[in-house]
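Visitor: Residue 271 is where the sequence shown starts when you use this note's numbering, and the numbers rise one by one after that.
All C-beta atoms, glycine included, are put in the ideal place defined by N, C-alpha and C.
Take this structure first; my questions come after.
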Amino acid sequence: MSWSWLVLYGYKFGGMACHKIDNDVEERVEKLKQEVQRMMLVASADGPSHVLNLVDLIQRLGVSYHFENEITEALQQIFMDDSGTYDDDLHNVALRFRLLRQQGFNVSCDVFNKFRDIEGKFNEKLKDDVEGMLSLYEAAYLRVHGEDILEEALAFTTTHLQSIASSDSHLSSRHVALVKRALKHPLRKSLSRLEARHYISIYEEDVSHDKTLLMFAKMDFNILQKLHQQELRRISEWDIKYINQLPQYMKLVYKTLLNIYEEIERELTKQGRSILFHYAKKEMKRLVQVYLVEAKWFNKNYTPTVDEYMSNALLSCGYPLLAITAFVGMVDIATTEALDWASNDPKILRAASMICRLMDDIVSHEFEQKRGHVASAIECYMKQNGVSEQEARIELNKQIVDAWKDINEEWLRPSNVPMPLFTRVINLARVIDYFYKDGDEYTHVGEFMKSSIKSILIDYVKIP
271 MSWSWLVLYG
281 YKFGGMACHK
291 IDNDVEERVE
301 KLKQEVQRMM
311 LVASADGPSH
321 VLNLVDLIQR
331 LGVSYHFENE
341 ITEALQQIFM
351 DDSGTYDDDL
361 HNVALRFRLL
371 RQQGFNVSCD
381 VFNKFRDIEG
391 KFNEKLKDDV
401 EGMLSLYEAA
411 YLRVHGEDIL
421 EEALAFTTTH
431 LQSIASSDSH
441 LSSRHVALVK
451 RALKHPLRKS
461 LSRLEARHYI
471 SIYEEDVSHD
481 KTLLMFAKMD
491 FNILQKLHQQ
501 ELRRISEWDI
511 KYINQLPQYM
521 KLVYKTLLNI
531 YEEIERELTK
541 QGRSILFHYA
551 KKEMKRLVQV
561 YLVEAKWFNK
571 NYTPTVDEYM
581 SNALLSCGYP
591 LLAITAFVGM
601 VDIATTEALD
611 WASNDPKILR
621 AASMICRLMD
631 DIVSHEFEQK
641 RGHVASAIEC
651 YMKQNGVSEQ
661 EARIELNKQI
671 VDAWKDINEE
681 WLRPSNVPMP
691 LFTRVINLAR
701 VIDYFYKDGD
711 EYTHVGEFMK
721 SSIKSILIDY
731 VKIP
């Protein structure tokens, strides 16, 4: 985290009291959780469409981590069941497609052919089904390479949803809010805690909302927020005491890194998993090496080829280090085999790193070049191909789209790598979408980023 972020938020985090969660609250939440589990059983008896819509609700409200086994079993059953009960309903077909692909089931996109007209285009009558259009829009973000029908679906739904968002619609304020949110942050690219905080408010406006599920989501959100506040309080206290010593930053960085890695090694040794530690150390060494390469390029005023730049930049973005360090902390599921996989630049991690590097370069290269910085992907592409900055942006944005397709493809491949590790990787791609989609919100923190951070780390959800 940059020093500017600590200045903006550190005083709040540092001042947070480290409260324990009340036992009465924990007991109430546990009872609500059991009621939601019963809701899932009832939904299973009512049919697949009820299960799909309940799972979608549970995921959007941010409480699905409580019911991972139940959700997996329910979706496995739906994947195996091809009865076609809900095949004529766009919302249910698209929702089924999205939820199953999110779970790693390789569902065919041919299920959407029935919604085309005789000319092979999506039927214009579908635009009146806003719920179905939203579901199709979200489903399209799970597309992989070569799925032209989903490319068409995304273009078709985006056009009509943008029209709804920009006009005086007859829709309820809740539906308009859902449309605007989806256009800005499609679910595939959304961070679960931010989505949960937003959706809790939207769901509360639904007159047919389930009071038990809503209360459970609210209380669970506040409990997690308290845990995150405790963590941030410790981090802030650890960082803040160094602010006035910034001139000696190199010594501090070195000492801090040693402290971090010594602490990681101690914890892993306690758990009998010290063998995992060398993976994190190895990745830090790789990061330092590629930083040195960039320093040489900068000092020589050298603009590398695109391939040369990207081979270095996919490491210098820091994502391989972040991913592997996160994996090392997941001692229950991160085996040496999984860490070997992660250390060998798997396609999904390369794709997330590409999204990070290219989105960063596209929005920040002008500022970085003014202050003095190694050539970005923009400069490299312009020089190599003799094109304008705008043409370079267009091409690099296409590569970002392709990188998301790579992630989606890897998500569907049979693998011995536990799904939670894949989730850590895709979350790295998601956070970059928030930072750099509309500008460099990491370097120049704006109101959107401030309000987002406040909504999940400072402002609790009000409970009547």
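Residues in its own chain within less than 6 Å of D631 by CB, not counting five upstream and five downstream?
Guide: S646, A647 and I648.
Visitor: By Cβ distance, which residues of its chain are closer than 7 Å to E422, with the 5 residues on each side in sequence left out?
Guide: Excluding positions up to five away in sequence, the list reads F392.
Visitor: Is V414 closer than 8 Å to I434 when the C-beta atoms are compared?
Guide: Result no, Cβ atoms of I434 and V414 do not sit closer than 8 Å.
Visitor: Is the distance from the Cβ of L360 to the Cβ of F337 below 8 Å?
Guide: No, these two residues do not count as a Cβ contact at 8 Å.
Visitor: Within 10 Å of its beta-carbon, does M350 have 16 or more other beta-carbons around it, so buried, or fewer, so exposed?
Guide: It is exposed - the Cβ of M350 has fewer than 16 other Cβ atoms within 10 Å.
Visitor: Under 8 Å, do M554 and L584 count as touching if we go by C-beta distance?
Guide: Cβ atoms of M554 and L584: not closer than 8 Å.
Visitor: Tell me the residue span of the alpha helix (DSSP H) that contains V306.
Guide: Taken as a continuous stretch (DSSP letters only), the alpha helix (DSSP H) holding V306 covers N293 to D316.
Visitor: In or out: F568 buried (at least 16 other Cβ within 10 Å) or exposed?
Guide: Classification for F568: exposed.
Visitor: Short of 7 Å in beta carbon distance, which residues of its chain neighbour V321, apart from the five on each side in sequence? Order them along the chain.
Guide: Answer for V321: A313, S314, A344 and I348, listed in chain order.
Visitor: Buried or exposed, going by whether 16 or more other CB atoms sit within 10 Å of the CB of R641?
Guide: That one is exposed.
Visitor: Which residues does DSSP list as the beta-bridge partners of R386?
Guide: Bridge partners of R386: F392.
Visitor: Is the beta carbon of Q559 sitting closer than 8 Å to the one on Y730?
Guide: No.
Visitor: Any idea what DSSP makes of R368, helix, strand or coil?
Guide: Helix at R368.
Visitor: Among residues of its own chain, excluding the 5 on either side of K653, which ones have a beta-carbon nearer than 7 Å to its beta-carbon?
Guide: So the list reads T573, once near-sequence residues are dropped.
Visitor: Quick one: is E305 near chain C, going by C-beta distance under 8 Å?
Guide: Protein chains in the displayed structure number just one, and chain C is not present.
Visitor: Report the three-state DSSP secondary structure of E417 (helix, strand or coil).
Guide: Residue state, collapsed to three classes: coil.
Visitor: So, with DSSP's three-state summary, where would you put D509?
Guide: Bear in mind that a pLDDT of 48 at D509, under 50, signals an unreliable position, so the number given afterwards is only what the model happens to contain. If DSSP states are grouped into helix, strand and coil, D509 belongs with the helices.
Visitor: By the three-class DSSP mapping on this structure, what secondary structure does N376 have?
Guide: Note: N376 maps to coil in three-state DSSP.
Visitor: Let me make sure I understand the geometry here. Which of L412, N582 and I726 has the alpha-carbon closest to that of I696?
Guide: Ranking the options by Cα distance to I696, first place goes to L412.
Visitor: If I'm right that D476 touches R444 with Cβ under 8 Å, what's the distance once you round it to whole angstroms?
Guide: Indeed, because the Cβ distance is near 6 Å, the residues count as touching under 8 Å.
Visitor: Tell whether a beta-carbon distance below 8 Å holds between A622 and L557.
Guide: Cβ atoms of A622 and L557: not closer than 8 Å.
Visitor: Ends of the alpha helix (DSSP H) at N655?
Guide: N655 -> alpha helix (DSSP H) spans A647 to N655.
Visitor: Locate the alpha helix (DSSP H) running through Y407, then write down its first and last residues.
Guide: From DSSP, the alpha helix (DSSP H) with Y407 extends over V400 to A410.
Visitor: From Q660, K301, N339 and A364, pick the residue whose C-alpha is nearest to that of M689; which is it?
Guide: Nearest option by C-alpha distance: N339.
Visitor: Do K732 and F486 count as a contact pair if the criterion is CB distance below 8 Å?
Guide: Their beta carbons are not under 8 Å apart, which means F486 does not touch K732 by this criterion.
Visitor: Measure the CB-CB distance between D703 and V633 and report whether it falls below 8 Å.
Guide: The answer is no: Cβ separation not under 8 Å.
Visitor: Between which two residues does the alpha helix (DSSP H) carrying A344 extend?
Guide: Counting along the chain, the alpha helix (DSSP H) containing A344 begins and ends at E338 to M350.
Visitor: Where I723 and L331 are concerned, what is the direct C-alpha to C-alpha distance, given to the nearest angstrom?
Guide: Distance between the alpha carbons of I723 and L331: 18 Å.
Visitor: Hey, could you find the ends of the alpha helix (DSSP H) V576 is sitting in?
Guide: Where V576 is concerned, the enclosing alpha helix (DSSP H) stretches over V576 to S586.
Visitor: For E564, I'd like the list of residues in its chain whose CB is within less than 7 Å of its CB, leaving aside the five on either flank, ordered along the chain.
Guide: Around E564: N582, S586 and V644.
Visitor: Quick one: is R700 buried, meaning 16 or more other Cβ sit within 10 Å of its Cβ, or exposed?
Guide: Looking at its Cβ environment, which holds 16 or more other Cβ atoms inside 10 Å, R700 is buried.
Visitor: Going by beta carbon distance, what residues of the same chain come within less than 7 Å of L420, once the five residues before and after it are set aside?
Guide: Excluding sequence neighbours, L420 sits near C379, A410 and R413.
Visitor: Would you kindly report the start and end of the unbroken alpha helix (DSSP H) that includes H635?
Guide: Per DSSP, H635 belongs to the alpha helix (DSSP H) from K617 to R641.
Visitor: DSSP three-state label for A593, please.
Guide: Residue state, collapsed to three classes: helix.
Visitor: For the candidate residues F426, H498 and S442, whose alpha-carbon lies nearest to that of L453?
Guide: Comparing Cα-Cα distances from L453 to each of F426, H498 and S442, the minimum goes to F426.
Visitor: What does the alpha-carbon distance come out to for the pair A662 and L628?
Guide: Cα to Cα, A662 sits roughly 11 Å from L628.
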